[in-house]
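**Student:** The opening position of the sequence shown corresponds to residue 16 in this note's numbering, with each subsequent residue numbered one higher. Before I ask anything, let me first share the structure, which is written out below as structure tokens.
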Amino acid sequence: MLEQLVRSCRASGRVCDEVDFGLLPFGDAVRRLRGAKALVGAHGAGLTNAIFMSAKAEAAPLMIEVLPRAFATAARGFGLIKFGFLPGLGIRHARISAPEADPRCVSRASGLAERLRDCDVQLEWVDVERALRGQTQS
């Protein structure tokens with residue numbers, strides 16, 4: 016699925032790369048992020064790498080956080096403000112609530128929000144494009 020997203024991104028004329036920051040030396044990871052206009056990833060601590068994005072670009076960089084729809088709904092009471100500090104660094108933040116790839120994941124979670132966040136999602140390029148254009152909630 017990730018490969019399809021990258022292909023769709025490139026077909027739209029954007030420059031897109033799949034990067035596992037855990038496999039890069041720290042300096043290389045920071046350099047990659049410094050040049051990024053957007054960072055798209057699953058909800059979690061890994062998105063904290065957004066702090067290395069450069070706010071000195073012509074447009075503020077954007078971090079797009081992808082959440083499983085059931086988790087996004089169940090966790091509303093938690094506030095989901097993990098990345099509330101990003102605007103202070105000049106980095107925009109958007110969320111995409113994507114449908115679960117396997118609906119059984121939701122039933123297996125037994126209503127526990129912390130388990131719902133581990134469901135794989137079906138993310139469509141059109142949703143990412145919408146977020147890049149500023150047409151989603153932040």
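Ideal Cβ positions, reconstructed from N, Cα and C, are used throughout, including at glycine.
1. Out of 143, 148, 101 and 142, state which residue places its alpha-carbon closest to the alpha-carbon of residue 62.
2. So is residue 53 buried or exposed if we call it buried at 16+ other beta carbons inside 10 Å?
3. Let's test the definition: count the other Cβ atoms within 10 Å of the Cβ of residue 142 and tell me whether it reaches 16, buried, or not, exposed.
4. Which class does residue 85 belong to by DSSP, given the choice of helix, strand or coil?
5. Buried or exposed: residue 148, going by 16 or more other Cβ atoms within 10 Å of its Cβ?
6. Taking DSSP as the reference, what is the three-state secondary structure of residue 39?
7. Look up residue 54 in the DSSP assignment and say whether it is helix, strand or coil.
8. Would you say residue 116 and residue 135 are within 8 Å of each other, going by their C-beta atoms?
9. Would you mind reading off the limits of the alpha helix (DSSP H) that contains residue 74?
10. By DSSP, does residue 18 sit in helix, in strand, or in coil?
11. Please report the straight-line C-alpha distance between residue 131 and residue 121, rounded to a whole angstrom.
12. Looking at the unbroken alpha helix (DSSP H) that takes in residue 132, where does it start and where does it end?
13. For residue 114, which option in 88, 106 and 107 has the closest C-alpha, if you only look at C-alpha atoms?
14. Can you name the residues that DSSP bridges to residue 80?
**Tutor:** From the atom records:
1. Locating residue 62 in the sequence shown gives position 47, counting from the first residue. The shortest Cα separation from residue 62 among 143, 148, 101 and 142 belongs to 101.
2. As a working mapping, residue 53 is identified with position 38 in the sequence shown. Classification for residue 53: buried.
3. By 1-based counting over the sequence shown, the position of residue 142 is 127. With 16 or more Cβ atoms within 10 Å of its Cβ, residue 142 is classed as buried.
4. The count along the sequence shown starts at 1 and reaches residue 85 at position 70. Three-state DSSP puts residue 85 in a helix.
5. Your numbering for residue 148 matches position 133 in the sequence shown. Answer is exposed; the Cβ neighbour count stays below 16.
6. The sequence position of residue 39 within the sequence shown is 24, counting from 1. DSSP places residue 39 in coil when its eight states are reduced to three.
7. Taking the sequence shown and counting its residues from 1, the one referred to as residue 54 is at position 39. Looking at residue 54 - three-state DSSP - the assignment turns out to be strand.
8. Counted from its first residue, the sequence shown places residue 116 at position 101. Counted from its first residue, the sequence shown places residue 135 at position 120. For residue 116 and residue 135, yes; Cβs fall inside 8 Å.
9. Counting from one through the sequence shown, the residue named residue 74 turns up at place 59. No alpha helix (DSSP H) holds residue 74; DSSP gives it neither H nor E.
10. Along the sequence shown, read from residue 1 onward, the residue named residue 18 stands at position 3. Correct three-state label for residue 18: helix.
11. Translated into positions along the sequence shown, residue 131 becomes position 116. Translated into positions along the sequence shown, residue 121 becomes position 106. If you take the alpha carbons of residue 131 and residue 121, they lie about 6 Å apart.
12. Stepping through the sequence shown from its first residue, residue 132 is reached at position 117. Unbroken run through residue 132: none, as it is neither H nor E.
13. Numbered from its first residue, the sequence shown carries residue 114 at position 99. The residue with the shortest Cα to Cα distance from residue 114 is 88.
14. Numbered from 1 along the sequence shown, position 65 holds the residue referred to as residue 80. DSSP, once it has assigned bridges, lists 56 and 110 as partnering residue 80.
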